[in-house]
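Have a look at the structure below, then the notes.
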């Protein structure tokens with residue numbers, strides 16, 4: 005503490021001695037002193053531990069705000085120090101002892117060193133304040149958690165004790181009596197009556213409008229929406245989802261109109277207004293709970309299967325009961341807070357609600373546990389797993405909550421029951437919203453093309469939306485289960501403070517900026533690729549392989565630039581990691597030599613294009629058509645319908661036979677043998693005629709027939725044909741062979757085949773052995 009005050013005193017002295025530029029900065033001595041005063045106050049509060057929990061939460065909020073301020077000033081001061089150090093480094097190293105430096109350089113070096121010295125003062129003060137405030141926040145969090153834990157395990161009055169019931173009923177009756185007394189007092193007051201006379205007509209109109217909406221317009225509004233959407237028996241999922249959502253609108257509007265009419269009349273007193281303030285949420289709970297039950301468990305007219313369970317009647321009744329119980333808890337809370345109810349009264353009033361809620365939760369657990377059968381070999385849907393997990397949690401809550409309440413652990417029983425009901429309602433609402441989004445997404449992909457590309461693109465959208473909904477749900481669930489806003493703010497500030505990387509901090513905000521900038525760059529890259537593919541390349545004479553190589557190059561360059569822009573946007577300085585990265589690069593270089601070699605080879609293949617997609621190649625004993633060339637390997641489809649992945653380095657270092665480069669023309673050789681004594685010239689003419697007549701044969705160079713050899717049993721010829729498309733070699737060879745066989749048969753030209761004569765030795769001995777085996781001699 006003495007160090008901190010001396011630091012502030014030094015800073016104040018420096019400011020007073022003529023550093024106006026520094027005094028105009030966001031940081032000054034008053035700010036540091038304010039931090040110190042708040043820290044001292046927090047230390048005193050933590051030392052005596054007599055402050056209430058709300059007071060501790062307010063103090064924690066102040067500390068969080070000042071910690072964020074200290075972090076901001078620390079970042080600004082660090083940027084200023086870094087800038088000054090960069091200027092000093094630009095002047096070069098300081099001269100060695102005995103070496104004279106130019107006067108201008110020496111003066112400037114001295115000024116920069118002095119500026120760095122003074123610029124480090126707010127940086128050091130902010131860093132010290134940040135650590136001190138952060139430690140105090142942690143201590144307050146620990147104290148609040150300890151109090152909360154003690155409250156949960158603290159045993160109070162047992163609500164099953166009949167001696168407490170009379171006092172509880174008396175408190176409720178007294179509150180009601182006082183509330184109506186306030187109303188009568190307002191009605192007996194002349195000024196209040198005049199105000200009521202002015203507001204009554206409008207209040208009556210609003211109330212009548214609310215009643216009309218609730219009891220007359222609600223069903224008609226649903227039918228009207230159904231007619232507009234044309235949602236009949238064959239309605240699509242998005243029409244049913246929108247129709248279901250409309251069933252919540254009319255009751256909510258009607259209840260809101262009735263409550264607003266009471267507000268407008270302004271006849272209630274202090275206690276009545278307390279209940280009226282809780283009435284909107286209570287009314288919405290009663291309206292929304294059965295609607296959520298029907299949405300999840302289905303209805304007779306709309307059987308749904310969101311969690312794999314269909315129980316229209318039971319789901320509706322349980323949801324309605326839970327909604328009423330939650331609404332009553334809100335009203336009792338309002339009465340207890342403004343009526344100063346005792347702990348005994350609170351325990352007695354809440355005990356029947358806890359018991360009824362536990363029974364409903366137990367029934368709900370039994371319903372959700374009843375999963376429909378899954379076909380053999382099919383994986384279990386995620387909704388079924390969620391329902392099973394939910395059933396286990398509900399079983400545990402429904403059994404433990406009433407037991408704890410009966411034994412006097414009122415806080416623990418209440419903490420288990422009502423947050424569970426709120427969690428069910430919130431998660432169910434998210435599920436219904438997700439189902440609505442999915443229905444609209446299905447409608448959007450209904451207009452897909454024949455190849456279904458839009459459906460493929462939209463396949464991952466629900467997962468992304470579900471992930472975002474989970475992120476949004478986490479802080480809400482934390483608030484439901486007892487977290488305070490200051491705690492969430494503390495977590496956000498902690499995430500925003502980030503972690504130190506080198507001399508820089510990387511926070512959640514930087515991560516979001518990185519994702520956004522990279523996402524924009526990636527999207528722009530894909531748009532450029534699409535524009536080039538659809539608008540530019542079709543107007544060129546580049547072959548398909550060149551087009552693919554160009555598109556791949558645009559993609560790699562675009563992603564690299566997007567990553568570079570994202571890193572620059574976050575302001576992340578990775579220079580401090582240069583030494584570590586250099587050391588790692590040596591190890592990675594040795595360990596990943598093959599990968600690096602394949603990567604470089606892939607770049608060479610894309611740039612030089614010795615092979616391209618669609619080429620027919622032979623390499624390393626593999627023959628087939630190139631399907632894709634990536635930066636690491638090349639995918640080849642063999643003629644046996646087998647995909648072979650060949651490392652790019654093998655294609656660069658080894659010999660590759662490309663049948664379709666530089667064009668698709670190629671030569672076919674068909675060997676033919678005829679018997680000795682056949683007219684060779686006649687054979688040549690026939691073979692030339694057959695080869696020339698084929699539609700795939702090129703006239704230039706013209707087909708040729710070569711007499712290559714006098715074979716062992718034949719005169720050997722080879723028909724050489726240059727084909728228009730070498731990819732049709734097999735079919736052309738078959739056609740030529742069929743044609744040769746047919747013409748040779750017509751011309752009585754014999755195609756010789758090998759014959760062999762087998763000579764057997766010792767034929768007589770073999771015959772005797774066979775006769776002896778077939779006709780054995782009789783025994784004498």
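Numbering (this note's numbering), first residue to last: 5 to 784. The beta carbon of each residue, even a glycine, is placed where N, CA and C say it ideally should be. Given the structure is predicted, the values throughout are model-derived calculations rather than measurements.
Ranked by how close their Cα comes to the Cα of residue 112, the residues 397, 95 and 542 have 95 in first place.
Between residue 270 and residue 199, the C-beta gap is smaller than 8 Å, which places the two residues in contact. Judged by DSSP secondary structure, residue 219 falls outside any beta strand (DSSP E); it is assigned neither H nor E. Here residue 633 really is in contact with residue 617; their C-beta atoms are around 6 Å apart, less than 8 Å. In this model, residue 324 and residue 152 are separated by some 31 Å (Cα to Cα).
For the 8 Å CB-CB criterion, residue 88 and residue 120 form a contact.
Under the DSSP assignment, residue 742 falls in the alpha helix (DSSP H) whose first and last residues are 733-750. DSSP places residue 710 inside the beta strand (DSSP E), whose first and last residues are 708-714. Residue 62 and residue 526 have their C-alpha atoms some 44 Å from each other. Under a 10 Å Cβ-count criterion, residue 70 is classified as buried, with 16 or more other Cβ atoms of the shown protein chains found around its own Cβ.
Every alpha helix (DSSP H) of 4 residues or more that sits fully in the stretch 95-177 is shown, in chain order, as 107-157.
Taking the Cα positions, residue 183 is about 7 Å away from residue 273. Residue 570 is positioned such that its CB atom lies closer than 8 Å to that of residue 518.
For residue 327, the closest C-alpha among the options 38, 405 and 428 is that of 428.
Within the DSSP secondary-structure output, residue 627 pairs in a beta bridge with 622. For a cut-off of 8 Å, the C-beta gap from residue 711 to residue 684 is around 6 Å, short enough to register as a contact.
Under the three-state reduction of DSSP output, residue 724 falls in the strand class. Distances from the alpha-carbon of residue 259 to those of 214, 109, 352 and 277 put 214 closest. Taking the Cα of residue 263 as reference, the smallest distance to any Cα among 701, 293, 208 and 251 is reached at 208. Taking the C-beta atoms as reference points, residue 424 is found nearer than 8 Å to residue 401.
In the three-state reduction of the DSSP assignment, residue 730 falls in the helix class. Secondary structure at residue 635: coil, using DSSP grouped into helix, strand and coil. In summary, residue 90 is exposed, with fewer than 16 beta-carbon neighbours lying within 10 Å of its beta-carbon over all protein chains present. Secondary structure note for residue 648: its beta strand (DSSP E) is the uninterrupted segment 647-651. Burial of residue 362 is indicated by the presence of at least 16 other C-beta atoms within 10 angstroms of its C-beta. Unbroken alpha helix (DSSP H) runs of no fewer than 4 residues, entirely contained in the stretch 521-546, are not found. Listed in chain order, the non-local C-beta contacts of residue 436 below 6 Å within the same chain comprise 299, local neighbours out to five positions each way being set aside.
Around the beta-carbon of residue 562, 16 or more other beta-carbon atoms lie within 10 Å, marking it buried. Fewer than three beta-carbon pairs drawn from the stretch 157-169 and the stretch 47-65 are found closer than 8 Å, and the two stretches are therefore not classed as touching. Within the stretch 261-286, no complete alpha helix (DSSP H) segment of 4 residues or longer occurs. Look at residue 669 here: in three-state DSSP terms it is coil, with no helix or strand label. Bridge pairing for residue 662: 621 [DSSP]. The C-alpha of residue 391 is placed about 12 Å away from the C-alpha of residue 301. Rounded to whole angstroms, the separation of the alpha carbons of residue 667 and residue 729 is 9 Å. In the structure shown, residue 392 falls within a helical segment according to DSSP collapsed to helix, strand and coil. For residue 641, DSSP records a beta bridge to 629 and 647.
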